[in-house]
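This report refers to the structure that appears directly beneath it.
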Amino acid sequence: MSETNTNGKVDMEKIVSLCKRRGFIFPGSEIYGGLAGTFDYGPLGVALKKNIQNSWWNHFVTNRDDIYGIDADILMNPKAWEASGHVSGFSDPLVECPKCKKRFREDTVEAGTDGIRRCPDDKEVLGASRQFNMMFKTQIGATEDQNSISYLRPETAGGMFVNFKNVVDSFHPKLSFGLAQIGKAFRNEIAPRDFIFRLREMEQMEIEYFCHPSKWEETFEHLRKEFKAWMMSVGLPEKSIHEIEIGDNDRAHYSKRTIDFEFDFPIGQKELAGLAYRTDFDLKQHSEFSKTDLSYFDEETKERFIPHCIEPSIGVERTVLAVLTSAYREEEVEGETRTVLAFVPSVAPIQIAVLPLSKKDELSVPAQEIVKKLRKIARVQYDETQSIGKRYRRQDEIGTPYCVTVDFDSLNDKMVTVRDRDTMKQERIAIDKLEEYFNGKF
Ligand code: GAP
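Be aware that the sequence shown starts at 1, since it is given in our numbering, and climbs by one per residue.
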């Protein structure tokens with residue numbers, strides 16, 4: 001058994017093709033020719049995505065006392081985006097070809113040896129660079145005027161800052177504490193590309209963690225470690241995660257320190273997530289624009305102040321792509337290529353496949369009984385189609401860690417074969433010991 005991609009690099013085309021073939025991810029609105037920057041999740045993709053989201057939520061919200069969940073609306077009062085600086089500053093430099101009218105993000109077009117940027121398609125000299133705001137504008141209600149303009153949120157963070165006072169007034173949390181949210185965000189990217197890496201519609205998992213200004217450095221360090229530990233828990237190898245300190249000139253307008261977590265994607269080492277020290281920028285701005293006091297009163301020290309904020313932020317789709325990249329393997333087995341998604345069991349869409357050797361009732365009925373029993377402890381799929389070899393290969397390709405095969409011997413010895421996806425080793429286990437066998441594996 002050997003890995004074919006010996007340089008350790010996974011081919012993006014292979015991942016895209018597997019995702020389509022096996023029902024993970026499809027191009028958005030495909031039957032109409034697609035829509036750039038959008039993708040739809042199929043049955044296995046949505047399961048993988050939800051498992052990743054649940055894992056993040058459990059790690060940071062359910063299993064902690066100091067982080068509170070939020071689910072704010074996508075549409076917000078447009079003043080919130082003026083306060084955050086997005087209306088005036090959330091833009092990318094854009095250049096346009098005067099001939100074909102195609103638009104490019106300036107930093108994606110390299111200048112020629114003469115220092116001039118030309119259209120990659122028809123070689124015309126590109127026009128002067130101008131700023132392009134990436135927020136999607138929309139109209140609220142029936143009248144279309146300046147007062148009816150709103151935006152699809154470009155980050156989930158805003159919904160947490162505007163609810164800071166609501167949570168303080170209803171839960172009276174003691175600092176330090178955080179708000180967490182998973183939800184859709186929209187960016188009118190000039191050049192969406194690289195499968196689900198750069199999208200126009202995406203989901204983010206973000207935490208706004210508030211602390212006393214004197215505690216920002218230790219809080220930053222704590223969240224840095226937790227963030228990385230979570231990434232590794234969903235199967236990203238430590239060696240593929242790179243922490244990059246962002247320089248003064250490259251940070252977002254609200255940040256005094258940012259670390260980007262870059263990952264070795266098939267397209268190269270690129271940003272997966274960010275950890276930003278947003279200071280008191282957001283709460284101050286929202287206080288000023290909304291005329292609402294967003295300060296915090298510490299009962300113990302009798303001090304009133306605006307808390308400072310540390311933000312771990314990660315895109316769901318980039319995490320899905322990083323998980324797929326980390327899990328993808330091709331191996332040579334008995335002269336054939338075996339494709340495997342070696343997901344960690346906690347994120348695998350299906351954790352156990354139950355496979356009767358024949359469709360006949362005498363095997364399918366007891367197999368269905370096993371499915372019922374195992375569904376109490378795992379995500380289980382029943383599959384009776386095609387030969388057992390083909391079913392094993394299919395389960396390998398969709399990342400199922402275990403297959404349970406019910407054969408004719410099972411009727412007499414009350415045992416089944418459990419096959420391990422990674423080692424392909426098989427062992428006989430008594431049916432009434434199966435729950436015990438799988439206990440703790442997921
Ligand atoms: N609230 C901070 C914030 O939104 P960001 O670096 O602009 O910061 C956070 O975005 C994360 O969201 C990124 O690290 C990335 O994982 C994801 N993300 C940003 N833009 C994206 C896009 N166009 N497509 C897919 N994911 C994106």
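All C-beta atoms in this analysis are idealised placements derived from N, C-alpha and C, irrespective of residue type, glycine included. None of the values given here were measured: they were computed from a predicted structure.
Figure out for me which residue from R394, M415, D409 and D432 has the closest Cα to the Cα of G23.
R394
Starting from D361 and walking both ways along the alpha helix (DSSP H), at which residues does that stretch end?
D361 to L374
At which residues does the beta strand (DSSP E) containing E331 begin and terminate?
Start and end: Y328 to V333.
Any chance the stretch 148–166 sits against the stretch 104–124, with 3 or more Cβ pairs inside 8 Å?
no
In three-state terms, what does DSSP make of D298?
strand
Determine the burial state of F197: buried for a count of at least 16 other Cβ atoms within 10 Å of its Cβ, exposed for fewer.
buried
Quick one: give me the first and last residue of the alpha helix (DSSP H) that A229 is part of.
W216 to S233
Collapsed DSSP secondary structure at M12 in the structure displayed
Here M12 carries a helix assignment [DSSP, helix/strand/coil].
Verify the contact flag: Q181, CB atom, against every heavy atom of the ligand GAP, threshold strictly below 7 Å.
no
With respect to 7 Å, is the separation between the Cβ of S313 and the closest non-hydrogen atom of the ligand GAP below this value?
Result yes, Cβ under 7 Å from the ligand GAP.
If the criterion is Cβ atoms closer than 8 Å, does the pair W230 and H86 meet it?
no
Of the residues Y328, G183, G247 and I259, the one placed nearest K225, counting alpha carbons only:
I259
So is D420 buried or exposed if we call it buried at 16+ other beta carbons inside 10 Å?
exposed
Beta strand (DSSP E) segment containing K184, residue limits:
Boundaries of the beta strand (DSSP E) harbouring K184: F177 to F186, taken from the DSSP string.
Does the count of Cβ pairs from the stretch 264–276 and the stretch 298–312 closer than 8 Å reach three?
yes
Whose C-beta lies closer than 6 Å to the C-beta of F70 among residues of the same chain, with five residues either side of it excluded?
Sequence check: residue 70 is Ile here, not Phe. Closer than 6 Å at the Cβ level, and outside the excluded window around I70, lie M160, N163, L179 and Q181.
Backbone secondary structure at P349 - three-state DSSP:
coil
Sort T113, G112, N147 and P93 by Cα distance to Q131 and report the nearest one.
P93
From the DSSP output, read off the bridge partner residues of A276.
A276 pairs with T258 and E311.
Shorter than 7 Å, the distance from the beta carbon of G45 to the closest heavy atom of the ligand GAP, or not?
no
Exposed or buried, which one is G37 when buried takes at least 16 other CB atoms within 10 Å?
buried
For Q351, which of E144, V418 and Q146 has the nearest alpha-carbon?
V418
Those runs of the alpha helix (DSSP H) which lie wholly inside the stretch 57–86 and span at least 4 residues
78–83
Say the cut is 7 Å; is the CB of R187 nearer than that to a heavy atom of the ligand ATP?
The ligand ATP is absent from the structure shown, which contains only the ligand GAP.
Status (buried if at least 16 other CB within 10 Å, exposed otherwise) for P356
buried
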